[in-house]
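The sequence shown: position 43 = 380 (the working numbering), numbered continuously. Glycine is no exception: its CB is placed at the ideal position from the N, C-alpha and C atoms. Note sheet for the following structure.
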Amino acid sequence: MINIVLFGKPGAGKGTQAEFLKEKYKLTHISTGDVFRFNLKNDTELGKQVRVYMDAGDLVPDELTTKMLIDEVNKHTDTNGVLFDGYPRTISQAVALDEFLSSIGSKVTATVALEADDEILIKRLLERGKTSGRIDDQDEDKIRNRYEEYNQKTAPLMQYYNDQGKFHAVNGIGSVQEITERLSAVIDNL
338 MINIVLFGKP GAGKGTQAEF LKEKYKLTHI STGDVFRFNL KNDTELGKQV RVYMDAGDLV
398 PDELTTKMLI DEVNKHTDTN GVLFDGYPRT ISQAVALDEF LSSIGSKVTA TVALEADDEI
458 LIKRLLERGK TSGRIDDQDE DKIRNRYEEY NQKTAPLMQY YNDQGKFHAV NGIGSVQEIT
518 ERLSAVIDNL
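Right under this line is the structure:
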């Protein structure tokens, strides 16, 4: 089983690349955002718990996010592997993921970060915001705030996985095909 954690700042192309990677390697793509939206929309028990935090303007605790993710992974026991998108976001989530995967006889195979210059990504997001309707992609200050949060929370994760010999950085600037080829070169050599 191959389990890949895909990192990248908003606008780096994680969603686009995840679509190609899941097809090429027959992986199950689990996006934390999609899992949250599903649970909220379907008013699941976990969704109700998440809503309490979101309605209060608080961050959803790591334990609850991890529980939702584990529930989602357990729905796909016959997969070749999982492409994790948006999880883990903190060291405690990474430790919880390692513990869970170990309990099912698996592990994180590699983490791959799509890296790109902030200014290029900001322009990309502002353009996306014009067509997507996403409010968080239409305000440069909000985008910069998201990047600051990413730097504070995700950078330590990169070191965590680098210490395990599982971290790979990939240039996230170029055509979709060029970036897919770079990612594939990393995955093919695992």
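Its chain contains Phe344, Arg426 as the residues whose beta carbon lies nearer than 7 Å to that of Thr491, once the 5 sequence neighbours on both sides are disregarded; these appear in chain order.
With contacts defined as CB atoms closer than 7 Å, Leu420 and Ala355 qualify as a contacting pair. The three-state reading of DSSP puts Gly418 in strand, counting E and B together. Annotated three-state conformation of Gly384 is helix, per DSSP.
Contact between Ala433 and Asp399 holds, with the beta-carbon distance rounding to 7 Å and staying under 8 Å. Counting only runs of at least 4 residues, the segment 420-459 fully encloses the following alpha helix (DSSP H) elements, listed from N- to C-terminal order: 428-440. Distance between Gln430 and Thr402, taken at the CA atoms: about 8 Å.
For Ile341, the pairing in a beta bridge is given by DSSP as Leu420, Ala447. For Asn499, the enclosing alpha helix (DSSP H) covers residues 477-500.
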